[in-house]
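Going by this note's numbering, the first residue of the sequence shown is number 82, and it counts up by one from there. Working notes, structure below.
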Amino acid sequence: MSLEEQVLEKIKTVPGQLARDMASEFGVDKKTVNSVLYGKLNGLVWQDKRYRWYPKDQLRQQDTERAAQYENTPLAKLARYYLACMGQDEGGVSVFAANQYGDLDYAELEELPSLSNGRLFHGLEAQRLLGKIRKDRSRLAMYLGYPCTLKYVQSKKSNWSGYFVEPLFLFSVELDSQPGSQPKIDLTFPIINQSVLKRFTNVDREALMDELVQLEDELGLSGEIDPPELDELAHRLGAVRSEWPWIESCDPDNIVTDPPLTQIDGEGIYNRAVLIVGERSPFTQGLESELKALAGLQLPQYQDTALGQWISGEIPATAEESASALIEVLPLNSEQRHAILRAMNQNLTVITGPPGTGKSQVVTDLLLNAAWQEKRVLFASKNNKAVDVVEVRLNNLGPRPILLRVGSNQYQTKLAEYLLGLLSATSTADDQSVFNESWDIHKRFEERLKRLDDDLGCIVELRNQVDALERAAEDARRELPTETFTLLKNSGLEEIQYVVARFQDALRNATRARQSFVKRLLWGFIKKERFDELERTVAGLGDVLSLLAVSLPNDKPTDDSITQWHEFENELTARIELAERIRDYSRGLQDLQAARPMESIAQEQANLIEQLASNAEALWKNWLRLQPSKLSQSDRTLLSKYSALLKMVIETGPDARLGREVYRQYAGLFPKVAHLLPCWAVTSLSARGKLPFEAGFFDLVVFDEASQCDIASALPLLYRAKRAVVIGDPKQLSHISGLRRGQDQQLLEKFDLVAEYANWAYSYNSLFDLAAGMADGGGIVGLRDHHRSHADIIEFSNRFFYEGRLRVATRYENLKFPTSNITGVRWVHIDGKVSRPSAGGAVNPMEADAIVQTLWHLVVEQGYCGTVGVVSPFRAQANLIRQKISKKAELEQRLINADFLVDTVHKFQGDERDVMVFSPVLSDGISQGAIGFLRNNGNLFNVAITRARAMLLVVGDQHAASQSEVGYLREFAAYVKNLEQENRVHLEQQIDDLGPQYPVVSNPERVSDWERILYAALYRAGIRTLPQYQVEKYALDLAVFDGERKLDIEVDGERYHRQWTGELCRRDQIRNHRMFELGWDVMRFWVYEVRDDIDGCVSRVKQWVEKGI
82 MSLEEQVLEK IKTVPGQLAR DMASEFGVDK KTVNSVLYGK LNGLVWQDKR YRWYPKDQLR
142 QQDTERAAQY ENTPLAKLAR YYLACMGQDE GGVSVFAANQ YGDLDYAELE ELPSLSNGRL
202 FHGLEAQRLL GKIRKDRSRL AMYLGYPCTL KYVQSKKSNW SGYFVEPLFL FSVELDSQPG
262 SQPKIDLTFP IINQSVLKRF TNVDREALMD ELVQLEDELG LSGEIDPPEL DELAHRLGAV
322 RSEWPWIESC DPDNIVTDPP LTQIDGEGIY NRAVLIVGER SPFTQGLESE LKALAGLQLP
382 QYQDTALGQW ISGEIPATAE ESASALIEVL PLNSEQRHAI LRAMNQNLTV ITGPPGTGKS
442 QVVTDLLLNA AWQEKRVLFA SKNNKAVDVV EVRLNNLGPR PILLRVGSNQ YQTKLAEYLL
502 GLLSATSTAD DQSVFNESWD IHKRFEERLK RLDDDLGCIV ELRNQVDALE RAAEDARREL
562 PTETFTLLKN SGLEEIQYVV ARFQDALRNA TRARQSFVKR LLWGFIKKER FDELERTVAG
622 LGDVLSLLAV SLPNDKPTDD SITQWHEFEN ELTARIELAE RIRDYSRGLQ DLQAARPMES
682 IAQEQANLIE QLASNAEALW KNWLRLQPSK LSQSDRTLLS KYSALLKMVI ETGPDARLGR
742 EVYRQYAGLF PKVAHLLPCW AVTSLSARGK LPFEAGFFDL VVFDEASQCD IASALPLLYR
802 AKRAVVIGDP KQLSHISGLR RGQDQQLLEK FDLVAEYANW AYSYNSLFDL AAGMADGGGI
862 VGLRDHHRSH ADIIEFSNRF FYEGRLRVAT RYENLKFPTS NITGVRWVHI DGKVSRPSAG
922 GAVNPMEADA IVQTLWHLVV EQGYCGTVGV VSPFRAQANL IRQKISKKAE LEQRLINADF
982 LVDTVHKFQG DERDVMVFSP VLSDGISQGA IGFLRNNGNL FNVAITRARA MLLVVGDQHA
1042 ASQSEVGYLR EFAAYVKNLE QENRVHLEQQ IDDLGPQYPV VSNPERVSDW ERILYAALYR
1102 AGIRTLPQYQ VEKYALDLAV FDGERKLDIE VDGERYHRQW TGELCRRDQI RNHRMFELGW
1162 DVMRFWVYEV RDDIDGCVSR VKQWVEKGI
């Protein structure tokens, strides 16, 4: 019996056969069986979407299945609307088939590779393509493409015509950042190139995603079953789309290479395989099929998820837990702590995270606390670096990983290691004891920190009370003699009040109108005695009159002059009230001076926070060690089965395929063991086939860089979660769509969404915009402590974009300065000339040349070893700079070692460099269109300059910028000019005598009169101080040096007569903590002390100098 007869008989006897199983049974290669099935048996058998074969006369089950119906729910309308929008948006990979330079963006392959074929990437062409990726990894991606199509194009702008290569299937090539690691090809779920699908289907753009979903379903790519093998996928594509223009039959076992694609003249589909470089897709892989699945859900199936809450527009509020419920392995500031507390309990939390404000720190502690509280959380970001940072931070905190990434093959082994480690680990009574001890210490530290916070709050309240009392005493300071103010401040009022009270009694007795009826009848007989008593009492006032600066009436007391004496009494009473204000203020000031200094509290806080973080890390590790003991018997049984299957996955190796039954069992057990995996991460928002498509599977989903995330990509993840945290910055890059606004409005109307869901518009709003509009006032938490950049760099963004809300807390010792001069911003002026290239945009060749020269000076001549980047608002300028750099081999190599990237702002979002060079392009000849682009995209500028850590170099026309119509550039040019004018030269610690009068400083507007008064008083006492001494980003009011000891004297002059708040206190504490770290002592004086107790202030400084306290 021939092989085809054996195969046909097998299919007829046992329908539903797999080619692999039959090949194994008959002892032949699977490709031989496939050649029979698609050759001689074609028309006698048919294949379903699970790749099982049946005889032709057996009913095709999928042909009888009812077509999927959309529900009439708001979710269905939104899902269908987004599918239509995605069809309108441009997408796909398309590159020139040939060019005159030979520098193509693809390389043909002689055979299809396995999952990890190292030889594939050793060739010169593959290495050339990898070099392109490494130079521009944020923008470019590599794919394995098969089969390939050729598309003929005639240029409308020139006489050029030619072909483009567009692969039909695209398989991602994963580039590991580890040195020496080989790229890996993800052959699980391919991406169908939309550029090809648009050409080969007769549907409008609105229906394109429906066509894509249908094709994926027919090819078995729905994600509900194990992914097909590439050879079977290719064969089935040819079978289900036989009407497409197949120039060469689809035969993955016999790839064609002759003639090469560069020499073919004709459109169609070719049996060719390529490695190809293209721009990263903005879309979530597999999003279209998951949106279609969501459109088929009924309301009860999703209403209790985060997605259901968002769609209903009603986000239920819950009570927040106390801060003691958190463990802070990474120390948190107040905003970060508040953000995590809300995220752990509220259904929606929006976190505004300006650049460098510790978003990854928040995410790390959030994930850690979710695991601590036995919750399941998913971290989703389109930024791989963001996930890298969080993964490394979190997993390095304990003896085993807790965050598991899904998506690519390289993380499968990590998952196996985690579960196998969990199964084999044990915990002892000693582990429990050590954990209990760490927990007790943790609670004690938190109680002490709580007391310090309370003490700080009391001091702030006391300071504000003193400020109010001091203002109330201003009239007394003006109306009473200075010596009276001083005397009353240091003595009680009781004696004065006693004497004045006697006078008031005598005056009342000497006033006829205030007597009883009987005494008024006898007044002629008793009034002399009463007037005499009043005069004797007045004589007893003595020094009180001079102290209170009041004068007696000119006439002696009589019935006629008694009114004058009452006027005197009123004046005396008013002066007593002034004296009481002086007394109250003096007592308040004494209480404030007697209170524990804020700098002392800050010192103890810093020490406690360090100890708390150290203990929290030990607590976390001890907690992880106890987790194996919490596994139930059923958990262990599941893990045992799952670990065996994982071993099969690992031991199968990269060049073989896993048996379908094994894969099915592996996939089936996955959701059952998932509750043992508390923290998950997905880097591309691609969850299809990798995360269970189950309502409310996660307790919490956390979206990072949400300002750039489209709403459509988030829907499947919101469906999988009960609550959501959305992190972003509306002042940075927003979601970009190629969809025209008019099209968007038409689609909203078509799906009846304008009235209720206009804020869900695809091209108008990002995920962050949508979430921020749904959160209540308390649901938006702003992070404010900036830790990334030099103060000169971030301060402009702080003023211009963030309303001065950021607090700069950057540690300068962590910055890599290119020179000893640590100014953070420098402008290199170039008189340029702008032109418009044929492809559009703007270029400034003279500016580009200057940037190349600046880079040469920085990395070649100076040998700078930090990371470097160049950013420009215009792609044409970035491309020009890249081309010029490529012509200088030594510079290019040095820059590659410096993790160099030159690109537009969009590719730098979420990234940073030690030194950033900004190319504004703006100069003579710039078009109004280019100016309009700059004027309307201030957020791009904010992102561009805040990528720099140590230095921002602006190379461009400073004069043009300072006179520009672009407001933020004009303001920035003025800002840089002011920076350059400031004196930033550090004075030597051994200083000359600056004289008894406060010296001239570069920033007199920052100096209060009280600093000048204290300087002079200290000078008279023999203490020499340095005013406005610069330490990192801080200008100290007065600095004192005593050998190796350093004292920072701060005067509350700037905030005098202003209400102190927790925010001002927080800024002060950040400053204090940093000064302590740099080896400084800190001494704060309130203005009230300088004004009314200058001797006491001088005495405190003298004590520090003489006694070291």
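From the three backbone atoms N, C-alpha and C, an ideal C-beta is built for every residue, glycine too.
Where do the N-terminal and C-terminal ends of the beta strand (DSSP E) with C229 fall, by residue?
-> 221-235
Starting from the Cα of R888, find the closest Cα among E894, N895, N879 and give me that residue.
-> N879
Continuous alpha helix (DSSP H) assignments of at least 4 residues falling wholly in the region 286-327 | 289-299, 311-321
Per DSSP, the bridge partner or partners of F566 | DSSP lists no partner for F566.
DSSP three-state call for L1194: helix, strand or coil?
-> The first residue shown for the chain is 82 and the last is 1190, placing residue 1194 beyond what the model contains.
Determine the contact status of F882 and R457, defining contact as a CB-CB distance below 8 Å.
-> no
Residues that DSSP places opposite N123 in a beta bridge = V126
Length at least 3, wholly inside the region 411-448: the beta strand (DSSP E) runs in chain order = 429-433
Determine, using beta-carbon pairs with one atom in the region 612-628 and one in the region 513-525, whether at least three such pairs fall under 8 Å.
-> no
Check whether the Cβ atoms of F1014 and Y1049 lie closer than 8 Å to each other.
-> no
Distance, L1060 Cα to A207 Cα = 48 Å
Have a look at the DSSP bridge pairing and note the partners of V470.
-> DSSP, once it has assigned bridges, lists no residue as partnering V470.
At a Cβ threshold of 8 Å, is T386 touching chain C?
-> The chain labelled as chain C is not found in the depicted structure, where only one protein chain is given.
Quick one: give me the first and last residue of the beta strand (DSSP E) that G1037 is part of.
-> 1029-1037
Close Cβ partners of V952 (< 8 Å) along its chain, the five nearest in sequence each way excluded | A959, V983, D984, T985, V986, F989, M997, V998, F999, S1000, A1025, R1028
Touch check for the region 262-272 and the region 376-393: three-plus C-beta pairs under 8 Å?
-> no
For I408, three-class secondary structure by DSSP = coil
Rounded to the nearest angstrom, how far is the Cβ of L210 from that of M223, given a contact under 8 Å?
-> 6 Å
Is it buried or exposed for K637, if we count other Cβ within 10 angstroms and need 16 for buried?
-> exposed
Per DSSP, K1058 is paired with what?
-> Partner(s): none; K1058 has no beta bridge.
Check whether the Cβ atoms of G913 and S1045 lie closer than 8 Å to each other.
-> no
Counting only runs of 4+ residues fully inside the region 523-584, write out the alpha helix (DSSP H) ranges in chain order.
-> 555-560, 563-571
Spatial neighbours of D298 within its chain, please: CB distance less than 7 Å, with the 5 preceding and 5 following residues excluded, ordered by chain position.
-> K130
Count the other CB atoms within 10 Å of the CB of G1037; is the residue buried (16 or more) or exposed (fewer)?
-> buried
Start and end residues, beta strand (DSSP E) containing C760 = 760-763
Which residues share a DSSP beta bridge with W134?
-> Q98, Q128
In the DSSP assignment, find the unbroken alpha helix (DSSP H) run with I932 in it and report its ends.
-> 926-936
Kindly indicate which residue of L368, L603, D346 has the alpha-carbon position closest to the one of L799.
-> L368
From which residue to which residue does the beta strand (DSSP E) around Y1105 run?
-> It should be noted that the sequence gives Arg, not Tyr, for residue 1105. Here R1105 belongs to no beta strand (DSSP E), and DSSP marks it neither H nor E.
Please look up how many angstroms separate the CB atoms of V783 and L447, rounded, as I've assumed it's under 8 Å.
-> 7 Å
Note down the Cα distance separating P1108 from M1164, rounded to an integer number of angstroms.
-> 14 Å
8 Å contact criterion, which G860 and R423 should meet: CB distance rounded | 7 Å
Beta-carbon separation (whole angstroms), G922 vs R956, contact threshold 8 Å | 6 Å
Compare the C-alpha of F252 against each of K897, Y162, T338, L356 and name the closest.
-> L356
Nearest CA to the CA of L550: which residue from L629, D672, Q789?
-> D672
8 Å CB neighbourhood of Q379 in its chain, flanking five on each side removed | E152, T154
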